[in-house]
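The block underneath contains the structure these notes are about, expressed in structure tokens.
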Amino acid sequence: MPKNSKVTQREHSSEHVTESVADLLAHQEPVDYKRSVLNVTGEAWDKQKEGDEDLDAENRPAWNSKLQYILAQIGYSVGLGNVWRFPYLCQKNGGGAYLVPYLVLLIIIGLPLFFLELAVGQRIRRGSIGVWNYICPRLGGIGYASCLVCFFVGLYYNVIIGWSIFYFFKSFQYPLPWSECPIVKNGSVAVVETECERSSATTYFWYREALDISNSISESGGLNWKMTLCLLVAWSLVGLAMIKGIQSSGKVMYFSSLFPYLVLVCFLVRGLLLRGAVDGIMHMFTPKLDKMLDPQVWREAATQVFFALGLGFGGVIAFSSYNKQDNNCHFDATLVSFINFFTSVLATLVVFAVLGFKANIMNEKCVVENAEKILGYLNTNVLSHDLIPPHVNFSHLTAKDYNEMYRVIMTVKEGHFKELGLDACLLEDELNKSVQGTGLAFIAFTEAMTHFPASPFWSVMFFLMLINLGLGSMIGTMSGITTPIIDTFKVRKEVFTVGCCIFAFVVGLIFVQRSGNYFVTMFDDYSATLPLTVVVILENIAVAWIYGTKKFMQELTEMLGFRPYQFYYYTWKYVSPICMAVLMTASIIQLGVSPPGYSAWIREEAAEKFLFYPTWAMAILISLIILASLPLPLVFILRQFHLVSDGSNALSVTYKKGRMMKDISNLEDNDETRFILSKVPSETPSPMPTHRSYLGPGSNSPMEMSSAPNGRYGSGYLLASTPESEL
Numbered sequence: 001m002p003k004n005s006k007v008t009q010r011e012h013s014s015e016h017v018t019e020s021v022a023d024l025l026a027h028q029e030p031v032d033y034k035r036s037v038l039n040v041t042g043e044a045w046d047k048q049k050e051g052d053e054d055l056d057a058e059n060r061p062a063w064n065s066k067l068q069y070i071l072a073q074i075g076y077s078v079g080l081g082n083v084w085r086f087p088y089l090c091q092k093n094g095g096g097a098y099l100v101p102y103l104v105l106l107i108i109i110g111l112p113l114f115f116l117e118l119a120v121g122q123r124i125r126r127g128s129i130g131v132w133n134y135i136c137p138r139l140g141g142i143g144y145a146s147c148l149v150c151f152f153v154g155l156y157y158n159v160i161i162g163w164s165i166f167y168f169f170k171s172f173q174y175p176l177p178w179s180e181c182p183i184v185k186n187g188s189v190a191v192v193e194t195e196c197e198r199s200s201a202t203t204y205f206w207y208r209e210a211l212d213i214s215n216s217i218s219e220s221g222g223l224n225w226k227m228t229l230c231l232l233v234a235w236s237l238v239g240l241a242m243i244k245g246i247q248s249s250g251k252v253m254y255f256s257s258l259f260p261y262l263v264l265v266c267f268l269v270r271g272l273l274l275r276g277a278v279d280g281i282m283h284m285f286t287p288k289l290d291k292m293l294d295p296q297v298w299r300e301a302a303t304q305v306f307f308a309l310g311l312g313f314g315g316v317i318a319f320s321s322y323n324k325q326d327n328n329c330h331f332d333a334t335l336v337s338f339i340n341f342f343t344s345v346l347a348t349l350v351v352f353a354v355l356g357f358k359a360n361i362m363n364e365k366c367v368v369e370n371a372e373k374i375l376g377y378l379n380t381n382v383l384s385h386d387l388i389p390p391h392v393n394f395s396h397l398t399a400k401d402y403n404e405m406y407r408v409i410m411t412v413k414e415g416h417f418k419e420l421g422l423d424a425c426l427l428e429d430e431l432n433k434s435v436q437g438t439g440l441a442f443i444a445f446t447e448a449m450t451h452f453p454a455s456p457f458w459s460v461m462f463f464l465m466l467i468n469l470g471l472g473s474m475i476g477t478m479s480g481i482t483t484p485i486i487d488t489f490k491v492r493k494e495v496f497t498v499g500c501c502i503f504a505f506v507v508g509l510i511f512v513q514r515s516g517n518y519f520v521t522m523f524d525d526y527s528a529t530l531p532l533t534v535v536v537i538l539e540n541i542a543v544a545w546i547y548g549t550k551k552f553m554q555e556l557t558e559m560l561g562f563r564p565y566q567f568y569y570y571t572w573k574y575v576s577p578i579c580m581a582v583l584m585t586a587s588i589i590q591l592g593v594s595p596p597g598y599s600a601w602i603r604e605e606a607a608e609k610f611l612f613y614p615t616w617a618m619a620i621l622i623s624l625i626i627l628a629s630l631p632l633p634l635v636f637i638l639r640q641f642h643l644v645s646d647g648s649n650a651l652s653v654t655y656k657k658g659r660m661m662k663d664i665s666n667l668e669d670n671d672e673t674r675f676i677l678s679k680v681p682s683e684t685p686s687p688m689p690t691h692r693s694y695l696g697p698g699s700n701s702p703m704e705m706s707s708a709p710n711g712r713y714g715s716g717y718l719l720a721s722t723p724e725s726e727l
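Just so you know, we're using the UniProt record's numbering here: the sequence shown kicks off at 1 and counts up by one.
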């Protein structure tokens, strides 16, 4: 202790000691435990390394504004799934009735877990690897698993952006190239392309002109050079947006997050003016209440909630780690969750307004084609003119008149009706044709847009919207890789980002083969679902059961300035883990019950056909799941048996004197003892939580050290903190 300290002076003085603990501490220099006997980590002090860490703590990037951060989270969570997955699930699972289980699960699973990820990222100010190394070193594999899943998802997700880029540039022509079947010359005769004639113009353009798809996953067919070039453009866009971290990606978010809403609103207004739009919307939101009792509906709603918010990927944690410590992340979680929900509903309105219009067009086409058949049967006396109601006018035949005529013919010709080959042409049947994913965006929606006035304009807007939706999600996904890696291994941001994009492009060439669409399906179905479910369950357990829900709630109170609702305590501790465990079990059962396969486009038949994956593809599929989950047990074993460092030493940061003096000056007289024991009243601002060194299996709890007066190393208190605690 310095010779001029008040404590030393008191030793040589006869004055009565009345000075408070806070006054004593206020006159001491902060202790650096790496250079003192209280260095319990056993780590040698490295002045250069320490200086670099302090500099990193001071210079950690931050969002330019709260709006930029909110737009980044919205851009990440609102993605292509909101446009082409949610409407399909809504139609398939009971229309308006599906919104009830979705909203319930959003509140009891989505919102609490989203809030949890935002809170730990903002509190610890590190990417996913650093966060979970700090909270529970043995579960540090969570961060590495998140990075791997982000990499797998980014590989195929950017291919979809590449497809959108291809369609975007093809939209600058009139008529649109997918509006009519191509004409080919057969000798001196010009005929319609057979594959197109047997399917449709938009289906042919998608499978043959865009993908030039092979008949199965086993037929590689070589690279599709057009899609290879589009994939290169897509990765270039992502690299440019990410190269400066949030300084560059944050600015991109102003456009990529807001532009899709402008397009959706424009499409909604235009769609509502289309004939038949109301039919589509009424069909969409007519509730089928019996569906609410189906467990499958709840499972699919939980899965959609889970992926819609981007839980487990690490992007949410990465974005929130650039926030100020006092940011109200509870408000952010609630705002982004419900904006995500309302965006899905808005997209559903748009999709079914347009599909209602398309259904009316297709139904009218069906009526015309079948009316011509009936006229042929009347002219050849196969059918009697007496079967035709007198008010029916074939030159202006309505769907209602055709349905009446159809029922009469079916009743009279009951024995031979099938031979006539007449279709019912019901609007309900057209509306019930469920389409999702690429089938919705690149076939159904593109076909509907060919009937729009000024169709190229709407096509350009639509695919530019898809590009921006995809880009926003890709920035979040890539941040789930770059932020934790840069934080942990201190690599150069620009070099790592460029290298990551180049490597991903090279690996992603597997998706731009002629069989690439089948690999996209494989990765989409199997690379993320199960590993991410396990990751989020372990995140929940790490915070609620290992770190401690009460302790976490107390720290949130100190960080936010108010105590979160007790609702979160019970959802984190009981409801969310149970629900996620049920979801994981259901997903495993679903994988076991549904044979792994894919829909292949058979050129000769001009139709889709379900095929099972060959043995080698099954090996890739299983390897994806194992590889994404492997860091979880691997890191646990290595740290359980002390084979590697727990990774938490790098998170030790000494308090600055200014910050300590601020906290000490706010203490009441009766709080001094509690300050020493690191138990500061909730009404008093406190330092960051005491750093917990990993004590190994010999300790009763990894948190004992901060509270026990005589810990393993005889220290009653530690003045270490989480990263950037002084900022």
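Cβ coordinates follow ideal geometry from the N, Cα and C atoms, glycine included.
{"Check": "Looking at C-beta atoms only, is the number of pairs between the stretch 240-249 and the stretch 535-555 that lie closer than 8 Å three or more?", "Outcome": "no"}
{"Check": "Taking DSSP as the reference, what is the three-state secondary structure of L611?", "Outcome": "strand"}
{"Check": "Measuring CB to CB, does G250 end up less than 8 Å from N468?", "Outcome": "no"}
{"Check": "Compute the Euclidean distance between the alpha carbons of V587 and F86, then round it to the nearest angstrom.", "Outcome": "Checking the sequence shown, residue 587 turns out to be Ser, not Val. Rounded to whole angstroms, S587 to F86 spans 18 Å at the Cα level."}
{"Check": "Looking only at C-alpha atoms, which of R60, L105, R208 and I124 sits nearest to A606?", "Outcome": "R208"}
{"Check": "When we look at the beta-carbon of W601 and count the other beta-carbons within 10 Å, is it buried (16 or more) or exposed?", "Outcome": "buried"}
{"Check": "Give every residue of the same chain whose Cβ lies closer than 7 Å to the Cβ of L466, excluding the five residues on either side of it in the sequence, and list them in chain order.", "Outcome": "L80, S164 and A441"}
{"Check": "When you compare only the Cα positions, how much space is there between L397 and M522?", "Outcome": "46 Å"}
{"Check": "Could you check which residue in G516, I135 and I317 has the C-alpha nearest to that of K226?", "Outcome": "G516"}
{"Check": "Three Cβ pairs or more, each shorter than 8 Å: is that satisfied between the stretch 352-362 and the stretch 161-176?", "Outcome": "no"}
{"Check": "Do L530 and L223 count as a contact pair if the criterion is CB distance below 8 Å?", "Outcome": "no"}
{"Check": "Count the other CB atoms within 10 Å of the CB of I246; is the residue buried (16 or more) or exposed (fewer)?", "Outcome": "buried"}
{"Check": "Among T203, T194, L155 and Y157, whose alpha-carbon lies nearest the alpha-carbon of P177?", "Outcome": "T203"}
{"Check": "Using the Cβ count rule (16 or more neighbours within 10 Å means buried), how would you classify K573?", "Outcome": "buried"}
{"Check": "Can you name, in chain order, every residue of its own chain whose Cβ lies under 6 Å from the Cβ of I339, other than the five neighbours on each side?", "Outcome": "I74"}
{"Check": "Under a three-way DSSP split, which group does I620 fall into?", "Outcome": "helix"}
{"Check": "Can you tell me whether E195 is buried or exposed? The criterion is at least 16 other CB atoms within 10 Å of its CB, across all chains shown.", "Outcome": "buried"}
{"Check": "Assign G312 to one of three DSSP states: helix, strand, or coil.", "Outcome": "coil"}
{"Check": "With the cut-off set at 8 Å, would you say W132 and G121 are in Cβ contact?", "Outcome": "no"}
{"Check": "Assess contact between the stretch 497-514 and the stretch 174-194, defined as three or more Cβ pairs (one per stretch) separated by less than 8 Å. Is contact present?", "Outcome": "no"}
{"Check": "Ordered along the chain, which non-local residues of its own chain (more than five positions away) have a Cβ less than 6 Å from that of F331?", "Outcome": "none"}
{"Check": "So the beta strand (DSSP E) Y598 belongs to, where does it begin and stop?", "Outcome": "G597 to I602"}
{"Check": "Leaving out the 5 sequence neighbours to the left and right, which residues in its chain are closer than 7 Å to N215 when beta-carbon positions are compared?", "Outcome": "A600, I602 and R603"}
{"Check": "Suppose only complete runs of 4+ residues qualify. What are the alpha helix (DSSP H) ranges in the stretch 266-294, listed by chain order?", "Outcome": "277-285"}
{"Check": "Can you tell me whether P614 is buried or exposed? The criterion is at least 16 other CB atoms within 10 Å of its CB, across all chains shown.", "Outcome": "exposed"}
{"Check": "Go through its chain and collect everything with a Cβ distance to A544's Cβ below 6 Å, but skip five positions before and after it.", "Outcome": "W572 and K573"}
{"Check": "Just to confirm, are A333 and L118 a CB contact at a threshold of 8 Å?", "Outcome": "yes"}
{"Check": "Cα-Cα, which of I475, L471, Y377 and V350 is closest to F445?", "Outcome": "V350"}
{"Check": "Report back the beta-carbon spacing between F462 and V263 to the nearest angstrom; my notes put them in contact at under 8 Å.", "Outcome": "7 Å"}
{"Check": "On the premise that I281 lies in contact with F352, defined as a C-beta separation below 8 Å, what is that separation, rounded to the nearest angstrom?", "Outcome": "5 Å"}
{"Check": "Please report the straight-line C-alpha distance between F313 and Y406, rounded to a whole angstrom.", "Outcome": "54 Å"}
{"Check": "Any heavy atom of the ligand PLP closer than 7 Å to the beta-carbon of G222?", "Outcome": "Only the bare structure without any ligand can be found here, which leaves the ligand PLP out of the picture."}
{"Check": "Quick one: grab the DSSP three-state call for E432.", "Outcome": "Reading off the sequence shown, one finds Asn at residue 432, where the question assumed Glu. The answer is coil: DSSP assigns N432 none of H, G, I, E or B."}
{"Check": "Roughly how many angstroms separate the alpha carbons of R275 and F496, rounded to a whole number?", "Outcome": "52 Å"}
{"Check": "Buried or exposed: which applies to G376, given that a residue is buried once 16 or more other Cβ atoms fall within 10 Å of its Cβ?", "Outcome": "exposed"}
{"Check": "Under the rule that 16 or more other beta-carbon atoms within 10 Å means buried, what is E726, buried or exposed?", "Outcome": "Confidence in E726 is poor, its pLDDT being 32 and thus under 50, which makes the residue's placement unreliable; the coordinate value appears in the next sentence. E726 is buried by the Cβ-count criterion."}
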